[in-house]
Amino acid sequence: MPREARVDRRRYLQAIGGTVATLSVAGCQSDSGDSQTLTAGTAPGFPPFEMKQDGELVGFDVELLEAVVAATEYELSGWEELEFKSLIPALNNGNVDVVAAGMTINDERDKAIDFSDPYYSSNQAIIVRENGSFSPSSLEDLSEAAVGAQKGTTGESVIKDQLIEAGTIPESQYNAYGNYVLAVEDLLNENVDVIIIDVPVANSFVADRPIKSAFVHETGEQFGFGIQSGNDELAGALNSGLTTVEDDGTYRDLTEKWFGQK
Ligand code: GLN
Numbered sequence: 007m008p009r010e011a012r013v014d015r016r017r018y019l020q021a022i023g024g025t026v027a028t029l030s031v032a033g034c035q036s037d038s039g040d041s042q043t044l045t046a047g048t049a050p051g052f053p054p055f056e057m058k059q060d061g062e063l064v065g066f067d068v069e070l071l072e073a074v075v076a077a078t079e080y081e082l083s084g085w086e087e088l089e090f091k092s093l094i095p096a097l098n099n100g101n102v103d104v105v106a107a108g109m110t111i112n113d114e115r116d117k118a119i120d121f122s123d124p125y126y127s128s129n130q131a132i133i134v135r136e137n138g139s140f141s142p143s144s145l146e147d148l149s150e151a152a153v154g155a156q157k158g159t160t161g162e163s164v165i166k167d168q169l170i171e172a173g174t175i176p177e178s179q180y181n182a183y184g185n186y187v188l189a190v191e192d193l194l195n196e197n198v199d200v201i202i203i204d205v206p207v208a209n210s211f212v213a214d215r216p217i218k219s220a221f222v223h224e225t226g227e228q229f230g231f232g233i234q235s236g237n238d239e240l241a242g243a244l245n246s247g248l249t250t251v252e253d254d255g256t257y258r259d260l261t262e263k264w265f266g267q268k
């Protein structure tokens, strides 16, 4: 498709009102016979990036990816909801074409998949019960603690690499969860003493549960959309889509909407 056609379609979507995301899924593609359809994958339970609200998948990642894809020649056909640790396998076996799941770009994952340019930064928060007596201020303070994280995450890597490998805790003090909602429930039930979780997601849990952030472990992570290894065409399209939504204000609107007020 010539560039003007692409730009025109985007302008059209913008002109008819702020629901570019919905339209990209619902239709409006009569002019793009040569476009390719993408199935997106995510793992709800990671607010405000992706979660279920009244049975519906919502969140920053959901709206961002939909806006980004709407700015490309691709079309989003729908979302698959999986456990976080199943997302990379789902990309590799072709069940999904793109992952939007607050997924940190790192070397280990880079061996299995490719990533778009980064779209969000994060560190790891160590969260505890708000009214509990345990208030650690460093990883060393966790030597007696039962610690939890979601399987396959960088929070889990902090536990494995910096606590277990380092000899601060034995493996038996680590509790792995299928998702962070279950992990936070177990924290409230006093089955674990701390959860290690991405800062923006910790903030979201802290806002409506009796928990608090004890300290932040700086990891300098960056989130990217995951795609199949070697799909340079899709990587290029997503990256130029990201530039478009950054330039036209959509990215800023979405960060205000999902991270603006707690
Ligand atoms: N950013 C973390 C990671 O990539 C957690 C992502 C998530 O739980 N959805 O491992």
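Note that the sequence shown covers residues 7 to 268 in the numbering used here.
Idealized CB from N, CA, C, for every residue including glycine.
Please state if the CB of residue j and the CB of residue i are separated by a distance shorter than 7 Å.
i      : j      : result
Leu244 : Ser122 : yes
Ala118 : Lys157 : no
Glu146 : Ala155 : no
Ala96  : Leu88  : yes
Ala106 : Ala46  : yes
Val251 : Ala131 : no
Tyr126 : Phe231 : no
Asp120 : Ala241 : yes
Ser128 : Glu227 : yes
Between residue i and the rest of its own chain, which residues show a CB-CB distance below 6 Å, the 5 nearest in sequence each way excluded?
i      : result
Gly51  : Asn185, Tyr186 and Val187
Ala220 : Ile132, Val134, Ser141 and Pro142
Gly33  : Reliability fails at Gly33, whose pLDDT of 39 lies under 50, so the model's placement of it is uncertain and the value that follows must be treated cautiously. Counting only Cβ-Cβ distances below 6 Å, and skipping sequence neighbours, we find nothing.
Ser178 : none
Between residue i and the rest of its own chain, which residues show a CB-CB distance below 8 Å, the 5 nearest in sequence each way excluded?
i      : result
Phe211 : Pro53, Ile133, Tyr186, Val190, Ile203 and Ile217
Leu194 : Arg135, Arg215, Pro216 and Ile217
Trp85  : Thr45, Ala46, Gly47, Thr48, Leu63 and Val68
Glu239 : none
Output needed for residue i: all residues of its chain with C-beta closer than 7 Å, excluding positions within five of it in sequence on either side, in chain order.
i      : result
Met57  : Pro50, Gly51, Val64 and Gly65
Asp67  : Thr48, Phe55, Glu56, Ala106, Ala107 and Gly108
Thr169 : Looking at the sequence itself, residue 169 is Leu, so the reference to Thr does not match. If we look at Leu169 and ignore the five residues flanking it on each side, its Cβ neighbours are Leu145, Leu148, Val153 and Ile175.
Are the C-beta of residue i and some C-beta of chain B separated by less than 7 Å?
i     : result
Phe52 : Among the chains of the structure shown, chain B does not appear; only one protein chain is present.
Examine the Cβ distances between the segment 79-87 and the segment 136-143 and report whether three or more of them are shorter than 8 Å. Cβ pair count under 8 Å is below three, so no.
Runs of alpha helix (DSSP H) lying entirely within the segment 122-195, each at least 4 residues, in chain order: Restricting attention to alpha helix (DSSP H) runs no shorter than 4 residues, the segment 122-195 encloses them at 160-163 and 186-194, ordered along the chain.
Any residue whose CB is nearer than 7 Å to a heavy atom belonging to the ligand GLN, listed in chain order: The set, ordered by position in the chain, is Ala49, Phe52, Phe55, Phe90, Ala107, Gly108, Met109, Thr110, Ser128, Gln156, Gly158, Thr159, Thr160, Gly161, Tyr186, Asp204, Glu227 and Phe229.
Only counting runs of 3 or more residues, tell me where the beta strand (DSSP E) segments fall wholly within the segment 68-124, in order along the chain. 81-87 and 119-121, all fully within the segment 68-124.
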